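2 protein chains.
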Amino acid sequence: MLISLKLESEVPLYEQLRNEIILGIAKGLLQPEEKLPTVRQLADELGINNMTVNKAYALLKQEGYLVIDRRHGAKVSLPFKKQTSAAPSEQLEQKLELMVAEAALQGLTADSFHKLCSAIYNKMHILHN
Amino acid sequence: MLISLKLESEVPLYEQLRNEIILGIAKGLLQPEEKLPTVRQLADELGINNMTVNKAYALLKQEGYLVIDRRHGAKVSLPFKKQTSAAPSEQLEQKLELMVAEAALQGLTADSFHKLCSAIYNKMHILHN
DNA sequence: TTGTTTGTATTATATATAGTAATACAAATA
DNA sequence: TATTTGTATTACTATATATAATACAAACAA
C-alpha cells in the first residue's frame, strides 16, 4: 500500500499516518492479519523518524486496529462484526454533527450529503449491508 | 446561546469556540444578522483571554460565517442558498471519507450511518431539502 | 470636539505538543 | 550468540496555544 504524507499539513505526521492506515484497512488495501512494515522500515521509506511511526502504530494498537507482537511486528486486526444495532461512539456522533452543520451552511442538501456518504461507503471493501 | 468549553480537551479553545458557533448558526440558535457578544464580553463570560475569542472570530470571518464591522462588532452572515448541485469541498470529502472508514471498521452499517446523518440533519434549522 | 467602544495588532511569557536524534533494553528468533 | 522487533528514555528544536498588558484606528455618542 502506498502511503503519502504532507509535510506542509497542519495535521501531525503520526496522525496522517494513522489515518492512511485506517483508510487502507477499510478499503481492503490492507487485509486482516496482513503484516505491516517494521517501524524502522516505514520510517526509512517515508523519510521520517522512527518514533513518529511508532507513535502511529501505538495509537492504532490502542484503538484496536492493529495487533502488535514484539517479535513479529504489527499486523492488521481481524474485522469487527457488522452490527446493525451498533451504537456509534459519542465522539463519532459529535464529529459528524459538526460536519453536517458545516455542510448544511455551505448549502449542501441532506440528499446530496446522503449520496456522498453512499458513494464513499461503496469505496470501502468492508461488507456494509 | 449557551457556550461551554472543555478546558481539559485536546481541542484548542479557539477551535472549540468556532465549532460551537457554527453549530449554533446551523441549529438556528443564532439567527442571520444576529449580533454576537463583543470579544471582551465573551472572553469575560467564558473566563478566557480576549485574543482567544478574537482568533475564533477572525477564523469564522475568514470562513464566511461571520461579518465583522470594526464598530458594530461581529454578526452572523446571511445563509448561503441551498444548492443541490453544490460540490462538497475537497476538505469535507476527505474528512467524511475517514469518518466513514472508522465507522465501517467499527461495524456500523451504511444504513445505520445514513439514519444517523438524517437524524442530525433534522436537528439543523437550515432548510435542507 | 471629546470620550468611549469596537476589532485588531504587538510584544512578551509560559506551557504543551510535534518531530527529530541518539541510545538502550527486553523479547523473540535464527 | 547475534540479530531484529517494538519500546522506553533523554535531549533538543520548533511550533502552537493561551495568557497578559498595552496600544491603535475606526466608528459612534455625547
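Same order as they appear, the protein sequences are chains H and W.
Residues in the first sequence are numbered from 1 upward in steps of one, following the UniProt record's numbering.
Residues in the second sequence are numbered from 1 upward in steps of one, following the UniProt record's numbering.
Yeah, the Cβ is synthetic: ideal placement off N, Cα and C, and Gly gets one too.
Note that the structure is a prediction, hence the values are computed from the model and not measured.
Query, Result
"Counterpart residues of GLY73 (chain W) in DSSP-defined beta bridges", "W:ASP69"
"Contact list for MET124 (chain H) against chain W, beta-carbon separation under 8 Å", "VAL100, ALA101, ALA104"
"Terminal residues of the alpha helix (DSSP H) in which GLU97 (chain W) lies", "90 to 105"
"Terminal residues of the alpha helix (DSSP H) in which ASN19 (chain H) lies", "13 to 26"
"Integer Cβ distance of VAL53 (chain H) from LEU42 (chain H), believed to fall under 8 Å", "5 Å"
"Contact check, LYS35 (chain H) vs GLY73 (chain H), beta carbons under 8 Å", "yes"
"Residues that SER118 (chain H) contacts on chain W, provided the C-beta gap is smaller than 8 Å", "ALA110, HIS114"
"Neighbour-count burial assignment, ARG18 (chain H), 16 or more Cβ in a 10 Å radius", "buried"
"Cα-Cα separation between LEU7 (chain H) and ILE48 (chain H), rounded to whole angstroms", "10 Å"
"In DSSP terms, what LYS35 (chain W) is bridged to", "W:LYS75"
"Own chain residues within Cβ distance below 7 Å of THR109 (chain H), not counting five before or after", "none"
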